[in-house]
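Student: Residues in the sequence shown are numbered from 91 upward in steps of one, following our numbering. All C-beta atoms, glycine included, are put in the ideal place defined by N, C-alpha and C. The structure that follows is given in the form of structure tokens.
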Amino acid sequence: MYERITRGVKVIVRPKYLDGQSKPEEGHFVWAYSVTIENHGRETVTLRTRYWKITDAAGHVQEVRGAGVVGEQPTLKPGDSYSYTSGCPLKTSSGFMAGAYQMQLPSGEFINVEIPPFSLDSPHEKHPIN
């Protein structure tokens with residue numbers, strides 16, 4: 091489990107290797123990651139965009155940007171939480187992900203909420219990253 095708090099918004103990530111969807115012999119490794127976003131702040135926030143930086147064990151970097159998460163732009167009042175699960179395929183047996191959510195406050199101001207860096211490790215990796 092990986093956690094990070096930015097301006098009262100806590101992001102918790104739990105990655106899991108998906109053996110049933112991976113094909114190591116073909117260089118195809120898949121992970122699911124579950125994210126929980128908790129608003130511990132005093133203002134309502136709305137998740138507008140996401141940014142991911144995905145780095146595989148060979149050092150190849152992929153950047154992903156888009157509106158919301160899993161087709162939604164959740165609004166979290168103080169004390170609210172939101173959870174979703176998504177996935178990430180890699181051509182290597184390990185890697186890292188990190189990123190940020192752009193949240194909008196009721197005033198219209200935008201803040202960047204950091205997603206904690208987390209490792210993607212498979213049982214096929216001889217020396218797990220984490």
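Based on the DSSP output, what are the partners of residue 163 in its beta bridges?
Tutor: DSSP output for residue 163 lists no bridge partner at all.
Student: Quick test of your reading: residue 135 and residue 129, contact by CB under 8 Å. State the CB separation rounded to the nearest angstrom.
Tutor: Correct: roughly 6 Å between the Cβ atoms.
Student: At which residue ranges does the region 125-178 contain complete beta strand (DSSP E) runs of 3 or more residues, listed in the order of the chain?
Tutor: Entirely contained in the region 125-178, the beta strand (DSSP E) runs reaching 3 residues are, in chain order, 135-146, 151-157.
Student: Give me the residue from 113, 164, 157 with the minimum Cα distance to residue 179.
Tutor: If we check each option's Cα against that of residue 179, 113 comes out closest.
Student: I'd like to know if the region 195-207 and the region 162-169 are in contact, where contact means that at least 3 CB-CB pairs between them fall below 8 Å.
Tutor: These segments do not touch.
Student: What's the call for residue 213, buried or exposed, on a 16-neighbour Cβ count within 10 Å?
Tutor: Residue 213 should be labelled exposed.
Student: Work out the CA separation of residue 117 and residue 100 for me, nearest whole Å.
Tutor: Cα to Cα, residue 100 sits roughly 34 Å from residue 117.
Student: Between residue 141 and residue 189, which are expected to be in contact by the criterion C-beta below 8 Å, what is the C-beta distance as a whole number of angstroms?
Tutor: Yes, they are in contact, since the Cβ atoms of residue 141 and residue 189 sit about 5 Å apart, within 8 Å.
Student: Determine the contact status of residue 92 and residue 137, defining contact as a CB-CB distance below 8 Å.
Tutor: The answer is no: Cβ separation not under 8 Å.
Student: How is the beta strand (DSSP E) around residue 96 delimited, first residue to last?
Tutor: Element bounds for residue 96: 92-96.
Student: So, at 6 Å on beta carbons, what are the nonlocal neighbours of residue 105 in its own chain, with the 5 sequence-adjacent residues on each side left out?
Tutor: Only 121, 123, 208, 210 meet the Cβ criterion.
Student: Hey, out of 126, 204, 149, whose CA is closest to residue 103's CA?
Tutor: Nearest of 126, 204, 149 to residue 103, Cα basis: 126.
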